[in-house]
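Numbering of the sequence shown is given in our numbering, commencing with residue 596 and proceeding in unit increments. The beta-carbon is built from N, C-alpha and C at its ideal position, and this holds for glycine as well.
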Amino acid sequence: MTLPAPPLKVMIVEDDALVALGVRLTISELGHDVVGIAASELEALAVAQAEKPQLTLMDIRLRGANDGVQVAQRLWQELRVRCIFLSAYADEQTMERVAQTRPLGFVQKPYSAQQLKTALEQARVRLAETEGR
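1. Based on the DSSP output, what are the partners of Met606 in its beta bridges?
2. Rounded to whole angstroms, what's the CA-CA distance from Gln717 to Val676? Just pull it up for me.
3. So, with DSSP's three-state summary, where would you put Leu699?
4. Could you work out which residue in Ile622, Asn661, Arg658 and Ala683 is closest to Thr651 when comparing CA atoms only?
5. Could you tell me the boundaries of the beta strand (DSSP E) in which Arg677 lies?
6. Consult DSSP for Arg541 and reduce its assignment to one of helix, strand or coil.
7. Would you check if the distance between the CB atom of Glu667 and the CB atom of Met653 is smaller than 8 angstroms?
8. Anyone know if the C-beta pair for Gln649 and Leu711 falls short of 8 angstroms?
9. Check each candidate in Ser707, Phe680 and Glu673 and name the one with the smallest Cα separation from Phe701.
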């Protein structure tokens with residue numbers, strides 16, 4: 596019998612408080628731990644430094660000068676935290692920028708709990724692969 600995988604430590608970066616709350620609820624229902632919610636780059640960096648999430652669910656449109664793609668780049672470069680993007684923006688130019696951040700996945704809004712569950716399961720596998728190197 597295999598033991599269930601431990602919960603992932605997830606940070607949410609989303610500038611819409613209602614959306615963030617919905618994502619937090621879904622993540623919790625899926626059995627994972629939400630270690631913090633941030634609405635801007637500075638909040639995201641502060642939460643990531645304090646809570647050491649395994650991954651971030653990242654919106655592309657955020658408060659402040661930098662968007663989620665730029666924040667994801669900083670999280671990776673400074674703290675080695677990777678992201679699953681949750682966004683309605685999936686145009687070619689945006690997706691090319693996203694691809695440069697070593698994303699763990701991309702879930703287009705509006706999304707279902709099943710899509711989020713699948714993205715988190717795939718992210719867990721990718722994280723385990725990179726930790727094993």
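According to the data block:
1. As a first step, residue 606 must be located in the sequence shown, where it is residue number 11. According to DSSP, Met606 bridges with Gly631 and Thr651.
2. For the purposes of this step, residue 717 is taken as residue 122 along the sequence shown, with counting starting at 1. For the purposes of this step, residue 676 is taken as residue 81 along the sequence shown, with counting starting at 1. C-alpha of Gln717 to C-alpha of Val676: approximately 16 angstroms in a straight line.
3. Counting from 1 along the sequence shown, the entry for residue 699 is found at position 104. Reduced to three states, the DSSP call for Leu699 is coil.
4. The sequence position of residue 651 within the sequence shown is 56, counting from 1. When only C-alpha atoms are compared, the closest one is Ile622.
5. As a first step, residue 677 is located in the sequence shown; it is residue number 82 there, counting from the start. Unbroken beta strand (DSSP E) run through Arg677: Arg677 to Ser682.
6. Since the first and last residues shown for the chain are 596 and 728, residue 541 lies out of range.
7. On the sequence shown, position 72 is the one that residue 667 refers to. On the sequence shown, position 58 is the one that residue 653 refers to. The sequence as given places Ala at residue 667; Glu does not occur at that position. For Ala667 and Met653, yes; Cβs fall inside 8 angstroms.
8. To locate residue 649, count along the sequence shown from 1; it is residue 54. To locate residue 711, count along the sequence shown from 1; it is residue 116. Judged by their CB atoms, Gln649 and Leu711 are not nearer to each other than the 8 angstroms cut-off.
9. Taking the first residue of the sequence shown as 1, we reach residue 701 at position 106. Selected option, being the one with the closest Cα: Phe680.
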